[in-house]
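Residue numbers (my numbering): 22 to 404.
Where is the CB? At the ideal position from N, CA and C, for every residue including glycine.
Quantities reported herein were computed from a predicted structural model and do not represent experimental measurements.
First comes the structure, then the notes that go with it.
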Amino acid sequence: MNQFLKLQGSEGIGDSREKTIIRTSIIGIFANVFLAGFKAVVGLMTNSIAIVLDAVNNISDAGSSLITIVGTKLAGKEPDKKHPFGYGRIEYLSAMIISVIVLYAGITSFIESAKQVVHPETPEYNTVSLIIVAVAVIVKILLGRFVKNVGVRVNSDSLINSGEDATLDSIISASTLVAAVIFLIFHVSLEAWLGAVISIIIIKSGIEMLKDTISQILGEQNDPELAKSIKQTVTSFLDVQGAYDLVLNNYGPDAWNGSIHIEVPDTYSADRLDLLIRKIQTAVFTKHHVILTAIGVYSVNTKDKESIETQKKVREIVFAHPHVKQMHGFYLIKDEKAMRFDIVVSFDADDRKALYSEVLADVQKAFPGYTLQVAMDADFAEE
Numbered sequence: 022m023n024q025f026l027k028l029q030g031s032e033g034i035g036d037s038r039e040k041t042i043i044r045t046s047i048i049g050i051f052a053n054v055f056l057a058g059f060k061a062v063v064g065l066m067t068n069s070i071a072i073v074l075d076a077v078n079n080i081s082d083a084g085s086s087l088i089t090i091v092g093t094k095l096a097g098k099e100p101d102k103k104h105p106f107g108y109g110r111i112e113y114l115s116a117m118i119i120s121v122i123v124l125y126a127g128i129t130s131f132i133e134s135a136k137q138v139v140h141p142e143t144p145e146y147n148t149v150s151l152i153i154v155a156v157a158v159i160v161k162i163l164l165g166r167f168v169k170n171v172g173v174r175v176n177s178d179s180l181i182n183s184g185e186d187a188t189l190d191s192i193i194s195a196s197t198l199v200a201a202v203i204f205l206i207f208h209v210s211l212e213a214w215l216g217a218v219i220s221i222i223i224i225k226s227g228i229e230m231l232k233d234t235i236s237q238i239l240g241e242q243n244d245p246e247l248a249k250s251i252k253q254t255v256t257s258f259l260d261v262q263g264a265y266d267l268v269l270n271n272y273g274p275d276a277w278n279g280s281i282h283i284e285v286p287d288t289y290s291a292d293r294l295d296l297l298i299r300k301i302q303t304a305v306f307t308k309h310h311v312i313l314t315a316i317g318v319y320s321v322n323t324k325d326k327e328s329i330e331t332q333k334k335v336r337e338i339v340f341a342h343p344h345v346k347q348m349h350g351f352y353l354i355k356d357e358k359a360m361r362f363d364i365v366v367s368f369d370a371d372d373r374k375a376l377y378s379e380v381l382a383d384v385q386k387a388f389p390g391y392t393l394q395v396a397m398d399a400d401f402a403e404e
């Protein structure tokens, strides 16, 4: 595995990604501090609680960008004895902190808006203040798109969250502009009520961000498209008749380790198998940047026609049961009257263990006197 870690470092993939995230975050900090200063001045001059809260929100955004920088730098630390798989998951923690900041900003804004509803104050808008707010809307829209697009490109949840937050801020700023126009035309102040609505939107956004990040920290299913492409790469090698039991472990964005089983003819010698496994590991890392730390082997009967026919009959029995998605690793030992294979039972089955027992009983009934070694697997990329 170490050779692949060294190769990853030599390609500079991590360095380039880290620099992109930090550069984008610095742009976000400067933009938000600039906007916060102008909005704070305008909000205090016009006595607008909505604009003042918008300025505070910009400061929290700058803080979020700072957290993204710190998280990215910490996540880029080299693996060590205590954390041999690196520190990549720190990025998920920084994304969670940003989510909490957004949630806190929403709750604080709602409290302040509620106070204004009870004790309203009349705003005093002017042309200059409205122009500044309008410019802020445009800047936030552009900043939000830029940060989110970069986040998607480099697979950074922190940047994606910051970009979504910036886009939300542009809606908030646009709302304050609409409220100002309504006040100037109809002399009706919607400041406090607008602030409350905006706060609820921020709270909702913060909760959604937090849920997504916690889900990633807990561990989500394998990406079906990534799993499919890895299996295609593995089965492209001559004599690899199947690829199964792919398990991917995520240690941070774009940092994947995994294991897989392959089916090969029972005529393979140890030296040929060793060479094949090494070629597969190299190909998977080169194409998908996934380190296969282990490749298990299923041998396939190729020397006996009766064994091949037996496999076909067993497959018919197994797939007669709904929710059985796959059967693999079949091998028959005629002299010992023993057979082994694995079945993949869908998570959609009402009772996976009961279904497994049912399959086992049906196969045993068809082949009395045989010793069965059947494992129940799960498809970790099941859609």
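Pair within 8 Å by beta-carbon distance, residue i and residue j
i: threonine 314; j: asparagine 278; result: yes
i: valine 339; j: isoleucine 364; result: yes
i: leucine 56; j: valine 171; result: no
i: isoleucine 47; j: serine 85; result: no
i: glutamine 137; j: alanine 213; result: yes
i: valine 73; j: alanine 61; result: yes
i: threonine 256; j: lysine 308; result: no
i: alanine 187; j: valine 168; result: yes
i: threonine 234; j: methionine 360; result: no
i: glutamine 262; j: valine 285; result: yes
i: glycine 227; j: glycine 165; result: no
i: leucine 95; j: tyrosine 108; result: yes
i: isoleucine 219; j: isoleucine 203; result: no
i: leucine 376; j: valine 395; result: no
i: alanine 217; j: alanine 135; result: yes
i: leucine 269; j: valine 318; result: no
i: phenylalanine 401; j: leucine 267; result: yes
i: threonine 392; j: lysine 346; result: no
i: glutamate 327; j: lysine 355; result: yes
i: serine 196; j: isoleucine 162; result: no
i: phenylalanine 59; j: alanine 157; result: yes
i: methionine 198; j: isoleucine 223; result: Per the sequence shown, residue 198 should be read as leucine rather than methionine. For leucine 198 and isoleucine 223, no; Cβs fall outside 8 Å.
i: valine 173; j: isoleucine 251; result: no
i: glutamate 39; j: threonine 93; result: yes
i: aspartate 369; j: histidine 344; result: yes
Coarse secondary structure for residue i, derived from DSSP in three states
i: valine 395; result: strand
i: proline 286; result: strand
i: alanine 61; result: helix
i: asparagine 278; result: strand
i: alanine 248; result: helix
i: tyrosine 377; result: helix
i: valine 384; result: helix
i: glutamate 315; result: This sequence places alanine at residue 315; glutamate is not what is there. Looking at alanine 315 - three-state DSSP - the assignment turns out to be strand.
i: valine 171; result: helix
i: asparagine 176; result: coil
i: alanine 96; result: helix
i: aspartate 266; result: strand
i: valine 366; result: strand
i: alanine 79; result: The sequence given here has asparagine at residue 79, not alanine. Helix.
i: asparagine 271; result: strand
i: serine 37; result: helix
i: histidine 104; result: coil
Of the residues the options, the one placed nearest residue i, counting alpha carbons only
i: asparagine 68; options: Lys358, Ser320, Ser210, Thr41; result: Ser210
i: arginine 299; options: His310, Leu259, Ile316, Ile224; result: Ile316
i: threonine 288; options: Ile312, Ala264, Glu133, Ser320; result: Ser320
i: phenylalanine 388; options: Val268, Val63, Thr331; result: Thr331
i: asparagine 182; options: Tyr352, Leu231, Ala291, Ile221; result: Leu231
i: asparagine 78; options: Gly49, Lys358, Glu337; result: Gly49
i: isoleucine 281; options: Leu239, His349, Lys225, Ile224; result: His349
i: glycine 97; options: Asp75, Ala291, Tyr125, Ser37; result: Ser37
i: isoleucine 221; options: Gly58, Val63, Ser130, Leu163; result: Ser130
i: phenylalanine 12; options: Gly273, Phe207, Ser120; result: Residue 12 cannot be examined here, being either before or after the span of the chain that is shown, 22 to 404.
i: serine 150; options: Asp371, Leu65, Asp372; result: Leu65
i: lysine 225; options: Leu124, Thr89, Lys40; result: Leu124
i: leucine 259; options: Lys103, Arg293, Glu379; result: Arg293
- Identify every run of the alpha helix (DSSP H) within the region 195-242, keeping only runs that are complete inside it and at least 4 residues long; order them along the chain. If only uninterrupted alpha helix (DSSP H) runs of at least 4 residues are considered, those enclosed by the region 195-242 are 212-239.
- Query: Can you give, in chain order, each stretch of the beta strand (DSSP E) that sits fully within the region 107-136 and has at least 3 residues?
  - Reply: Along the region 107-136, the beta strand (DSSP E) does not occur as any fully enclosed run of 3 or more residues.
- 3-residue-minimum beta strand (DSSP E) runs that sit fully inside the region 321-359, ordered along the chain: 345-354, all fully within the region 321-359.
- Message: Under 8 Å: do the region 102-115 and the region 175-187 share three or more Cβ pairs, one atom per stretch?
- Response: In this structure the region 102-115 touches the region 175-187; the number of beta carbon pairs closer than 8 Å is three or more.
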